[in-house]
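A.B. asks:
Protein chains: 2
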Amino acid sequence: MTRPPRTRPTLEEVAALAGVGRGTASRVINGGEKVSDRARQAVEQAIEELGYVPNAAARALVTRRTDAVALVIAESEERVFGEPFFAGIIRGIGSALAEADRQLVLLLAQASQRRGGLDHWLTRQHVDGVLLLSLHDDDELPDLIRAHGLPVVVGGRAREDLRSDYVDVDNVQGAELAVGHLVERGRTRVATIAGPADMVAGRSRFQGYVAALEAAGLPLDERLVVRGDFGQGSGERAMRELLVRAPDLDGVFCANDLMAAGALLALREAGRRVPEDVAVVGFEDAPIARSTLPPLTTVHQSPEQMGRAMVDLLLEATQAPEASRPGRMLPTHLVVRGSS
Amino acid sequence: MTRPPRTRPTLEEVAALAGVGRGTASRVINGGEKVSDRARQAVEQAIEELGYVPNAAARALVTRRTDAVALVIAESEERVFGEPFFAGIIRGIGSALAEADRQLVLLLAQASQRRGGLDHWLTRQHVDGVLLLSLHDDDELPDLIRAHGLPVVVGGRAREDLRSDYVDVDNVQGAELAVGHLVERGRTRVATIAGPADMVAGRSRFQGYVAALEAAGLPLDERLVVRGDFGQGSGERAMRELLVRAPDLDGVFCANDLMAAGALLALREAGRRVPEDVAVVGFEDAPIARSTLPPLTTVHQSPEQMGRAMVDLLLEATQAPEASRPGRMLPTHLVVRGSS
DNA sequence: AGTGGTTGTGGGAACGCTCCCACAGACCAC
DNA sequence: GTGGTCTGTGGGAGCGTTCCCACAACCACT
């Protein structure tokens, strides 16, 4: 085991040690077609001996690829790091990229640098594609990036009409699942605490609620619909209002777990038993769903899987930039706990 | 406004358009010394007109710098993204790097890839330095990376004897602040719920507790010391035990806010009034400190500032790799709320 | 008019890799 | 023997920068 030289070995040195040409050595390292076994072994041994590692910059210069992918987080960091959902996505992205031998370049798009620096960064030919995490309806960032000719995949589709590739949880299907479950449990007066109308997740989950009622032959009653803002407090208030508006309700589908947790509080306060009097189902399978009283039945979504899907889609996009790809909708499944 | 050509403009094209040599154009873009105003303006206009952006790979190839910094997260991602403390650090790192025109490459060092891929990644001459976020005492990663000749800065010093550059909160000073405050409030029987002995934060905060008692001329009473594991449950249990061991205590310094929150629960359960009977101080100023009953007096640390300090230190290290730098200890301050 | 400095400039060389073309040699069929 | 195809192979060219050296132009001074 000789000490590696001060300066990093080059491909040329590897080739010299192996007694082959630079081209052959390169062929061994990459695809490796049309190389004799003798040459291959010699090169591999030389690499081992010198501790050779290819210089990424030189490679990028000629291939015009960097094997790096940017993750642009357009949310406030508070939120991104605070919500376990985002953390899961990032974990999925991280491991999928590692498997594909790509690097993850993290860009925190604070309001400050957003307009100015961001496009500049991205054009620097520093990354092969961009993953974008954002929920805001009015975000023009995806279009902006695409204008630079970089493939983009958006996580958590911002608008229904978004032209970029995107990956999202199948909110409609998940909501149908939840409401269908309540119906199966014999509930006929199923209310919903819906999410904000200006977020896709809010709209789609409500859409699923409507569809499931229709499928079950139940009428859509406006008194059974209240909107919240995805916060726990809003769930609590919404539930109180529902109890006033429709005291005879026997099931509630909440557009997320936090609001469901609030609803449970309001129900207990009102003396309604869960699930005997009112069954409650949430959406998200957030950690809190395990610690509510009773534990919350909810629609499970896998953020990690979502991250992986984003990476898959982006890698496809880098290979066939022009091809049009359908948005990826990830299936959900129901986790039945004590509240239904 | 002419449409930019399909292929990105090169420095040579900029120079040609400006009617100067390649060298002069390069000089304008970088440091920019010894360039006539005439030439400078011509080049700047050409850059504007062509929408020129330097090719990072080509630059990295010759300068042997990438202007990118890796952030290696050796914790479980659950934890990193879950704790607001980490989120703050990352935010600080992100903005400090953006200001310094550096990129942030995020490496999630899951156990799986840790041994195998990591060193390989880092040697690829893909980053100029490494920021490491970890709390484990026995982590050999910093040494490993330094062996590759890459500057490393550790956030949240792992061991007192760590040879790497590091940035950490001044835990001793913070604990002294907290205990000193309790003493000022007239408390003479001040207990502590200490952190684990195998973490620097645990040891140092206890050390500060001891020092503050001594400074106040109060005796160190072993009955007033219980160790927890930084979890809320352990704080609750520790408090119960303290009440048994030393019913006459009138102040408690908890090594973090979560344990303090647990302690508050145990105190209420035991019928002790806070702060009248027992004053409680935490450490961290985590979000929970605002929502305990009563709101928690605690030692505030700024994770964002810590992230920035890590970046500062790393940039220094890349400029003077051999120079030895003292560890950076960040000051804390007390936030007085209702519990004291 | 000659000498010496300063300021600004152009362009060759090099960074370490991949791409690609030319070519040696083995093998086969006529 | 000649011509053709097919494997492997070596190495030139080029990717887009920065670094550096040579040199021109100009301004003093002797």
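First to last, the protein sequences are chains A and B. Take the first sequence: its position 22, counted from the start at 1, is 87 in the numbering used here, and no numbers get skipped. Take the second sequence: its position 304, counted from the start at 1, is 369 in the numbering used here, and no numbers get skipped. Beta carbons: idealized from backbone N, C-alpha and C, even for Gly. A quick note: this is a predicted structure, and the numbers were derived from the prediction, not measured.
(1) A123/B CB to nearest chain A CB: under 7 Å?
(2) Quick one: which chain A residues come within Cβ less than 8 Å of E170/B?
(3) Roughly how many angstroms lie between the CA atoms of G220/A and P284/A, to the nearest whole one?
(4) Is any beta-carbon of chain A found at less than 7 Å from that of H365/B?
(5) Consider the Cβ of L330/B: report whether some Cβ of chain A lies at a distance smaller than 7 Å.
(6) Is G86/B helix, strand or coil by DSSP?
(7) Taking buried to mean at least 16 other C-beta atoms within 10 Å of its own C-beta, is T363/B buried or exposed?
(8) Using C-beta distances below 6 Å, list every residue in its chain close to R105/A, excluding the 5 sequence neighbours before and after it, in chain order.
(9) Among the candidates L308/A, G298/A, L242/A, V317/A, whose CA atom is the shortest distance from the CA of R252/A?
(10) If contact is defined by three or more beta carbon pairs under 8 Å, each pair taking one atom from either stretch, is the segment 268 to 283 of chain A in contact with the segment 368 to 377 of chain A?
(11) Among the candidates E205/B, Q272/B, V170/B, A212/B, whose CA atom is the shortest distance from the CA of L196/B?
(12) According to DSSP, which residues form a beta bridge with I416/A?
(13) Rounding to the nearest angstrom, what Cα-Cα distance links G97/B and V265/B in this structure?
(14) If we cut at 7 Å on Cβ distances, does G157/A have a partner in chain B?
(15) Just list the residues that DSSP pairs R393/B with in beta bridges.
(16) For G239/A, count the other beta carbons within 10 Å of its own beta carbon; 16 or more makes it buried, fewer makes it exposed. Which is it?
(17) Could you check the C-alpha separation between R308/A and T257/A for me, to the nearest Å?
(18) Taking C-beta to C-beta, are R167/A and D132/A nearer than 7 Å?
(19) Check whether the Cβ of H213/B lies closer than 7 Å to any Cβ atom in chain A.
(20) Just grab the DSSP bridge partners of E349/A for me.
(21) Is there at least one Cβ from chain A nearer than 7 Å to L162/B's Cβ?
(22) Short check: CB of L172/B to CB of A135/B, under 7 Å?
(23) By a C-beta neighbour count over all protein chains shown, 10 Å radius and 16 as the cutoff for buried, is H398/A buried or exposed?
(24) Using beta-carbon positions only, say whether N321/A and E349/A come within less than 7 Å of one another.
(25) Beta carbons nearer than 9 Å to chain A: which residues of the segment 102 to 126 of chain B have them?
(26) Take E78/A as the anchor and find which of V108/A, R103/A, D102/A has the nearest alpha-carbon.
(27) According to DSSP, is L379/B part of a helix, a strand, or is it coil?
(28) Count the other CB atoms, across all protein chains shown, that sit within 10 Å of the CB of G327/B; report buried if there are 16 or more and exposed otherwise.
(29) Taking 8 Å as the threshold, find out whether the segment 327 to 336 of chain B comes into contact with the segment 295 to 305 of chain B through three or more Cβ pairs.
(30) Taking 8 Å as the limit between beta carbons, can you name the residues of its chain near R402/B, skipping five residues before and five after?
(31) Does the beta carbon of H398/A come closer than 7 Å to any beta carbon on chain B?
(32) Exposed or buried, what is P396/B when buried is set at 16 or more other beta-carbons lying within 10 Å of its beta-carbon?
(33) DSSP three-state label for L206/A, please.
(34) For H246/B, return the contacting residues in chain A, with the cut-off set at a CB-CB distance below 9 Å.
(35) Name, in chain order, the residues that DSSP records as bridge partners for L215/B.
C.D. replies: Put simply:
(1) For the purposes of this step, residue 123/B is taken as the residue at position 58 of the second sequence. Interface residue, yes.
(2) Counting from one through the second sequence, the residue named residue 170/B turns up at place 105. At residue 170/B the sequence reads Val, which differs from the Glu that was named. The answer, in chain order, is A133, Q168, L169, V170, L171.
(3) One-based indexing of the first sequence puts residue 220/A at position 155. One-based indexing of the first sequence puts residue 284/A at position 219. Taking the straight line joining both Cα atoms gives about 34 Å.
(4) Here the question's residue 365/B lines up with position 300 in the second sequence. Not one beta carbon of chain A lies nearer than 7 Å to the beta carbon of H365/B.
(5) As a working mapping, residue 330/B is identified with position 265 in the second sequence. No, L330/B lies away from the interface with chain A (no Cβ there is under 7 Å from its Cβ).
(6) Within the second sequence, the letter at position 21 stands for residue 86/B. In the three-state DSSP reduction, G86/B falls in the coil class, being neither helix nor strand.
(7) Here residue 363/B corresponds to residue number 298 of the second sequence, with the count starting at 1. T363/B is buried by the Cβ-count criterion.
(8) On the first sequence, position 40 is the one that residue 105/A refers to. Result list for R105/A: V93, in chain order.
(9) Translated into positions along the first sequence, residue 252/A becomes position 187. Cα-wise, what sits closest to R252/A is V317/A.
(10) With a cut-off of 8 Å, the segment 268 to 283 of chain A and the segment 368 to 377 of chain A do not count as touching, because too few Cβ pairs lie within range.
(11) What you label residue 196/B is simply residue 131 of the second sequence in a count that begins at 1. The shortest C-alpha to C-alpha distance from L196/B to any of E205/B, Q272/B, V170/B, A212/B is the one to V170/B.
(12) Given that chain A is displayed from residue 66 to residue 405, the structure contains no residue 416/A and the question cannot be resolved.
(13) Taking the second sequence and counting its residues from 1, one reaches residue 97/B at position 32. Taking the second sequence and counting its residues from 1, one reaches residue 265/B at position 200. One alpha carbon belongs to G97/B, the other to V265/B, and they sit about 47 Å apart.
(14) On the first sequence, residue 157/A is found 92 positions in, with the first residue counted as 1. Against chain B, the CB of G157/A has no partner CB under 7 Å away; the residue lies outside that interface.
(15) Reading the second sequence from its first residue, position 328 is the one you call residue 393/B. Answer is V232/B, bridged to R393/B.
(16) As a first step, residue 239/A is located in the first sequence; it is residue number 174 there, counting from the start. Under this definition G239/A is a buried residue.
(17) Locating residue 308/A in the first sequence gives position 243, where the first residue counts as 1. Locating residue 257/A in the first sequence gives position 192, where the first residue counts as 1. Residue 308/A is actually Leu in this sequence, not Arg. Looking at the two C-alpha atoms, the distance is approximately 12 Å.
(18) Taking the first sequence and counting its residues from 1, the one referred to as residue 167/A is at position 102. Taking the first sequence and counting its residues from 1, the one referred to as residue 132/A is at position 67. In this structure, R167/A sits near D132/A, with a CB-CB distance shorter than 7 Å.
(19) The residue you call residue 213/B lines up with position 148 of the second sequence. Taking 7 Å as the CB threshold, H213/B stays off the interface with chain A.
(20) Here residue 349/A corresponds to residue number 284 of the first sequence, with the count starting at 1. In DSSP, E349/A forms a bridge with H365/A.
(21) Working through the second sequence from its first residue, we reach residue 162/B at position 97. For L162/B, the answer is no, since every Cβ of chain A falls outside 7 Å of its Cβ.
(22) As a position in the second sequence, residue 172/B is number 107, starting the count at 1. As a position in the second sequence, residue 135/B is number 70, starting the count at 1. Between L172/B and A135/B, the gap from beta carbon to beta carbon is short of 7 Å.
(23) As a first step, residue 398/A must be located in the first sequence, where it is residue number 333. Exposed.
(24) As a working mapping, residue 321/A is identified with position 256 in the first sequence. As a working mapping, residue 349/A is identified with position 284 in the first sequence. Result yes, Cβ atoms of N321/A and E349/A sit closer than 7 Å.
(25) For the segment 102 to 126 of chain B, the residues whose beta carbon sits under 9 Å from a beta carbon of chain A are, in order, G116, V118, P119, N120, A121, A122, A123, R124, A125, L126.
(26) Stepping through the first sequence from its first residue, residue 78/A is reached at position 13. Residue V108/A holds the alpha-carbon nearest to the alpha-carbon of E78/A among V108/A, R103/A, D102/A.
(27) Here residue 379/B is taken as the residue at index 314 of the second sequence, counted from 1. Note: L379/B maps to helix in three-state DSSP.
(28) Position 262 of the second sequence, counting from 1, holds the residue named residue 327/B. Label assigned to G327/B: buried.
(29) A contact exists between the segment 327 to 336 of chain B and the segment 295 to 305 of chain B.
(30) For the purposes of this step, residue 402/B is identified with residue 337 of the second sequence, where counting begins at 1. Taken in chain order, the residues that qualify are A354, R355, P359, P360, L361, T362, T363.
(31) The count along the first sequence starts at 1 and reaches residue 398/A at position 333. By this cut-off, H398/A is not an interface position.
(32) Residue mapping note: residue 396/B aligns to position 331 of the second sequence, counting from 1. With fewer than 16 other Cβ atoms within 10 Å, it is exposed.
(33) Taking the first sequence and counting its residues from 1, the one referred to as residue 206/A is at position 141. Residue state, collapsed to three classes: helix.
(34) By 1-based counting over the second sequence, the position of residue 246/B is 181. None at all; the shortest Cβ gap to chain A is about 28 Å.
(35) Position 150 of the second sequence, counted from the start, is the residue given in the question as residue 215/B. Secondary-structure assignment with DSSP links L215/B through no beta bridge to anything.
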